Structure formats: structure tokens, C-alpha cells
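One structure below.
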Amino acid sequence: MSSDDAPRSSPGRSFWQRLGRPPQADQTVREQQQLLAWRGALSAVLVPAAEERQVLQRFCEITVQQGVADLAALLRPGPQSMLQPVALSGPRAFVSDICCTPSAAITDTQGPLGRAWREGRAWYSEERPSAAALAEWNAQAARRGLRASAILPVLRRRRIWALLLLARERQSDWPSDSQMLLESTAQLLGDVLEDLAKQQLQLILGSGLRAALDSVVLTDTRRRVLYVNQSFTLMTGYKEEEICHKGLKILLGPETSLADLASLDMALRDGVAWSGKLLNYQRNGQTFWNQVSIVPVRNAAEELTHFLGILRDVSREHSLLGQLEYEARHDRLTGLANRQALEEEMEQALARAQRNRSNLAVCFIDLDSFKPINDGYGHDAGDLVLQVVARRLREGLRRTDYVARLGGDEFVILLEGHQSREGLELVLEKLEILVHSPISLPNGQEVTVQLSMGITRYPEDGMFDAGKLLRFADQALYRAKALRNKRSTYWVYYESVFTPAAGAS
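Residue numbers are given in numbering that gives the first Met the number 0: position 236 of the sequence shown equals residue 235, and the series is strictly consecutive.
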């Protein structure tokens with residue numbers, strides 16, 4: 000076909016009309032392709048970013064570089080709640096001209112920025128609210144040569160965090176499909192910022208765990224060690240690679256409580272928190288008291304994924320507590336049990352005797368001739384005599400017997416399981432010999448003391464109350480002291496208080 004036969008275009012028809020497609024359709028396609036390319040560029044650059052400010056600035060720069068807008072700014076409330084740019088690419092003067100206080104009451108002078116912030120929804124320049132509301136906005140935009148704009152909320156944790164302002168010189172509104180891409184990209188920015196915040200928080204927590212004074216252990220649900228911090232190594236002597244290979248069982252030893260371990264094992268099997276104190280072993284074999292707190296870690300679906308343990312060496316605190324408990328129950332001078340400990344032991348001893356149908360003797364002791372020694376030789380000599388007597392009483396008793404000092408020169412002995420009165424008196428005679436032996440003072444002199452003793456027995460005396468046993472033994476002691484110069488023995492049974500003839504035997 001010759002050139003003369005080719006169809007000629009009508010003078011009034013454009014290229015797009017001849018093609019059979021309106022020009023705005025192709026423009027929309029190009030717009031969407033541009034926005035998709037912009038979104039892809041953002042995804043590639045923003046995700047690896049390390050700082051929030053860097054993310055925000057790169058977002059604005061890429062937006063302008065990709066031709067999406069000639070101005071891109073992220074606005075947040077600053078001093079006096081004025082919206083101020085935290086990142087910007089393009090003419091700053093326009094942003095300075097139109098910024099406002101979004102928290103103020105709605106007024107015609109605040110324009111679309113205040114409206115977008117308060118309502119939490121996007122605004123596009125094709126919207127035509129009242130002329131008064133846009134008058135200042137349009138005037139400032141015209142002076143800067145900006146003909147189309149969009150304002151998009153950036154949400155974090157479902158609350159508005161910033162406004163993304165986009166403006167361009169060409170007079171071209173964003174169609175609905177493009178608006179969806181714009182808004183989803185603004186949401187992408189919010190998601191990236193949240194992920195970044197979580198990563199930074201995890202880094203901070205990780206640094207904190209590494210530097211924590213308490214030991215930190217992370218295990219999986221099979222109790223395999225995944226991580227320990229430096230404090231764990233300092234506390235136990237085991238390095239991370241060693242404990243990860245051998246497991247936490249290496250901290251256990253023959254003196255570790257099996258009952259506590261069973262309680263811990265049950266808590267882990269049930270996926271619940273556990274707290275307790277374990278006697279553990281360091282790498283060098285030294286024992287230490289380990290205060291352990293274990294919490295289960297669950298994912299978003301509430302599935303158990305890990306266990307986090309916080310460990311602390313409380314050996315010093317344990318020792319101090321043990322010392323305090325010891326001092327609360329023991330006489331400071333002699334180391335014997337005190338009245339509080341005696342009362343508790345008597346209750347238990349009487350309960351054992353009742354349960355086992357055995358015997359219990361309560362012997363209340365007072366030292367004769369002690370006061371003249373204390374007055375004549377001084378309190379230091381008196382203290383020495385009390386210490387020697389306490390040691391001799393301990394040495395003369397079985398390990399199952401019990402001796403306490405009530406104060407002054409008064410002592411109490413609990414003798415369990417004696418088979419007969421004669422057998423009991425053999426023990427008492429042995430104590431008499433030991434205590435009556437001379438005691439050497441620091442000045443080289445020797446002194447002696449004697450015992451007076453009142454005795455009550457269960458079940459012979461028929462008393463089932465520990466307090467009564469002690470009180471009646473005290474009464475028998477006074478009887479013994481009254482008879483001290485009239486009899487050969489130094490003890491009196493409680494029955495002798497009411498039967499004088501028996502007391503002389």
C-alpha cells in the first residue's frame with residue numbers, strides 16, 4: 000500500500016484517541032508502576048537500616064528520587080505541640096509555612112495537616128473542604144509551585160505517630176489505586192519503625208544481660224543450654240561453650256537437695272515459673288548456694304519455646320542468715336541451745352516419746368559454789384567456769400541427748416530412751432564426776448563447782464505438757480538444793496517433792 004493510500008489521521012484526534020485508549024489510563028498505569036518501584040526501593044533500603052533517624056531520612060530521599068513527589072516530609076509534634084519535620088527531602092520553606100498545632104481545636108486556619116492528625120486518615124488535595132480551610136494552604140503551595148499534595152498518617156501500635164506529607168509540582172491527583180499504594184507504604188514505614196524499635200530493644204536487653212551482675216541462662220524446652228552470660232562464667236567457672244556442651248547438671252553434686260531438684264523438674268515439665276535455693280558446685284569443686292529463678296518463655300501463640308534462668312550466688316547471705324538463726328537459738332557464751340531452742344526441742348522430744356512409747360527425762364541443773372567464784376575471781380573467771388561446765392556436759396552425754404543453758408548458772412538436759420531409773424542414774428553420776436573435777440583458771444588457781452538437779456520423767460510422772468515437765472523439774476531442783484547437805488546424791492526426782500522419804504534415797 001502506497002503512502003498515498005495510508006489512512007490519514009483526523010486533525011482533531013490525538014495519538015491516544017487513535018490508539019483507542021484514553022491518555023489518563025496510561026498515566027494511571029505509569030503512576031502505579033512508579034509507586035511499586037518506589038515501594039520496592041524502600042523495602043530494599045529501609046529494612047537493613049540501623050537507626051530510626053536514618054530510616055526516616057532515607058524514606059524521604061527515596062520518595063523524591065523515585066519521582067513520587069518533589070517534597071517528602073515526616074512531621075511530628077515538637078515544642079508547644081507544633082508539627083515539625085523530623086525528616087525532609089525537598090523545599091523546607093513550604094513545611095515551615097504550613098505547620099500547625101494539631102491538638103488545638105478545629106479551626107479554619109489549620110488546614111489539612113491538623114485534620115489528618117486529628118481524624119487519623121489520609122487527605123488528598125483533590126478533596127475540597129470549605130474554601131476557608133484551604134485558603135492559607137493553597138496560597139503557600141502556589142507560592143512554592145506545588146500543585147498536588149497528599150497527607151498520610153503513619154501509625155505505630157495502632158496510634159498515629161507522624162504525618163507523611165507528599166507534594167509535587169505537576170497538577171496530577173492520585174487515583175484511588177495509587178492512594179491505596181501510598182497508604183500501604185506509609186503503613187510499611189510504621190511497621191519498619193516498630194521492627195527497628197524491637198531490634199534495638201533486643202540489642203539493649205542483650206547488652207544488659209551480658210553485663211548483668213546476676214547470671215543468666217537461656218535453654219530450649221529440652222533444657223539444652225543456648226546461652227550464658229559472663230557473670231555465669233565468673234560464678235561457676237564454666238565457660239559458655241563448656242556449659243552448652245555438658246548442660247546444667249554439671250552444677251549438681253552429692254549434697255544438692257533431691258527434693259528441691261524434684262520440685263524444679265516438675266515446674267519445668269509443667270511449664271511454670273520456679274524459684275528456690277540450690278547447693279551447687281563450681282568447676283573447682285567448691286560449693287555455693289545458688290538462688291535460682293526460672294521463668295518460661297512463650298511465643299505469640301502462647302507456645303512454650305524457652306526457659307530463662309536468673310542465678311545468683313547467695314552463699315554469703317546464706318551464711319549470714321545461718322549465723323543469725325544460730326545466734327537466735329544458741330547461748331553466745333557457751334554455744335549451747337538457749338531457752339527458745341529448748342522449748343522447741345522439748346515439744347519435739349515429748350512428741351517422739353509419746354509416738355514411740357519411750358521415756359523422756361528433763362533434768363534442771365544449777366551450779367553450787369558458782370557465785371563465790373564469780374564474785375571472788377571476776378566475771379572472766381565465772382565465764383570460763385560456765386564454758387568448761389557446758390563442754391563437760393556435752394562430753395558426758397550421747398549425741399542423741401540435748402543440753403541447753405537458760406542463763407546464769409542454770410542448765411537443762413533432755414535424756415531420751417533410758418530403759419530404767421538405774422540406767423538414768425548411771426548417766427547422772429557420770430555427769431557429776433565430770434563437772435565436779437577441778438577447773439584451772441588463767442591465774443593458775445583451781446576451783447570446783449557442784450551440781451544440784453531436779454528431774455521429771457515421762458511417762459512416770461504422768462505429765463503430757465512440755466511446759467509442765469520443765470516447771471516441775473525446776474521445783475524438784477529447789478528441793479535438791481534444800482537437801483544438798485543432808486544427802487549423798489545431788490538430784491531429786493519430782494516425786495520426791497511430794498514424797499520426802501523418796502528424796503532421801
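The C-beta atom is built at its ideal place from N, Cα and C for all residues, glycine as well.
The structure displayed is predicted, hence computed values, not measured ones.
Hey, how far is the Cα of residue i from the Cα of residue j?
i, j, result
"ASN283", "LEU250", "11 Å"
"ILE372", "GLN444", "11 Å"
"ASP190", "GLY321", "54 Å"
"LEU332", "ILE293", "43 Å"
"ALA147", "SER177", "14 Å"
"GLN79", "MET265", "57 Å"
"TYR492", "LEU482", "12 Å"
"GLY453", "ARG356", "23 Å"
"THR447", "ARG478", "22 Å"
"LEU359", "PHE231", "51 Å"
"VAL153", "ALA141", "26 Å"
"GLN550", "GLN53", "Lying before the first or after the last residue shown, residue 550 is absent from the chain, which here runs from 0 to 504."
"ILE159", "TRP116", "7 Å"
"ARG57", "PHE306", "39 Å"
"ARG222", "SER314", "25 Å"
"VAL361", "ILE412", "6 Å"
"ALA506", "GLN229", "Here the chain comprises residues numbered 0 to 504, so residue 506 is not present and cannot be evaluated."
"VAL426", "TYR489", "13 Å"
"GLY381", "LEU440", "9 Å"
"GLU182", "ARG29", "18 Å"
"ARG157", "VAL227", "36 Å"
If the criterion is Cβ atoms closer than 9 Å, does the pair residue i and residue j meet it?
i, j, result
"ARG404", "LEU335", "yes"
"HIS329", "LYS276", "no"
"ARG351", "GLU415", "yes"
"GLU254", "THR304", "no"
"GLY119", "VAL216", "no"
"TYR457", "LEU349", "yes"
"LEU430", "LEU469", "no"
"ALA161", "LEU233", "no"
"SER214", "ASP367", "no"
"VAL505", "PHE369", "With the chain running from 0 to 504 in the structure shown, residue 505 is simply not present."
Taking buried to mean at least 16 other C-beta atoms within 10 Å of its own C-beta, is residue i buried or exposed?
i, result
"HIS378", "exposed"
"ASP219", "exposed"
"TYR280", "buried"
"THR108", "For THR108, the predicted structure reports a pLDDT of 45, less than 50, and the residue's modelled location is therefore unreliable. A value from the coordinates is still provided. THR108 should be labelled exposed."
"ASP194", "exposed"
"GLY110", "buried"
"SER124", "buried"
"ASN298", "exposed"
"PHE410", "buried"
"ALA196", "exposed"
"PHE471", "buried"
"PHE93", "buried"
"THR399", "exposed"
9 Å is my cut-off, CB to CB: does residue i come that close to chain C?
i, result
"VAL67", "Note that chain C does not occur in the displayed structure, where there is just one protein chain."
* **Runs of alpha helix (DSSP H) lying entirely within the stretch 423 to 498, each at least 4 residues, in chain order** => 465 to 481 and 493 to 497
* With a floor of 4 residues, list each alpha helix (DSSP H) that falls wholly inside the stretch 134 to 211, ordered by position along the chain. => 175 to 210
* **Minimum length 3: unbroken beta strand (DSSP E) runs contained in the stretch 261 to 290** => 273 to 280, all fully within the stretch 261 to 290.
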